[in-house]
Amino acid sequence: MEFNVPNMSCGHCVGVITKTLQQLDVNAKISVDLPAKKVSVETAQDRQAVADALAEAGYPTH
Numbered sequence: 002m003e004f005n006v007p008n009m010s011c012g013h014c015v016g017v018i019t020k021t022l023q024q025l026d027v028n029a030k031i032s033v034d035l036p037a038k039k040v041s042v043e044t045a046q047d048r049q050a051v052a053d054a055l056a057e058a059g060y061p062t063h
C-alpha cells in the first residue's frame, strides 16, 4: 500500500515514520520516497491501522 505524506520533509521524518511502522509490524517492508512525499508499506496490517499509526506519529496521510 502507498501513502502520500505531505508533512514528511527530511531524514528525521523518514526515521520517525520507519520506526512507527516497524512498531506496528516488525516484519513490515517500508520504502520511502522523500522527494515525492510517498511511503510504500508491505504489511499484514490493514490500511486504516497504518494510516492511524502515521497520523498518531504526526504524519497524517492523504
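The opening position of the sequence shown corresponds to residue 2 in my numbering, with each subsequent residue numbered one higher. All residues carry an ideal CB built from backbone N, CA and C; glycine is no exception.
Does M2 pass the burial test, meaning 16 or more other C-beta atoms within 10 Å, or should it be called exposed? exposed
Taking F4 as the reference, which of A58, V42, Q46, G59 has the closest Cα? V42
Over the uninterrupted alpha helix (DSSP H) stretch that includes V15, give me the two end residues. Counting along the chain, the alpha helix (DSSP H) containing V15 begins and ends at 12-25.
Just verifying my parser: in three-state terms, what is the DSSP assignment at V51? DSSP, reduced to helix, strand and coil, places V51 within a helical segment of the structure shown.
Between L25 and Q46, is the Cβ-Cβ spacing less than 9 Å? yes
Member of P61, T19, A56 whose CA lies at the smallest distance from the CA of V1: A question about residue 1 goes unanswered here, because the residues of the chain that appear run from 2 up to 63.
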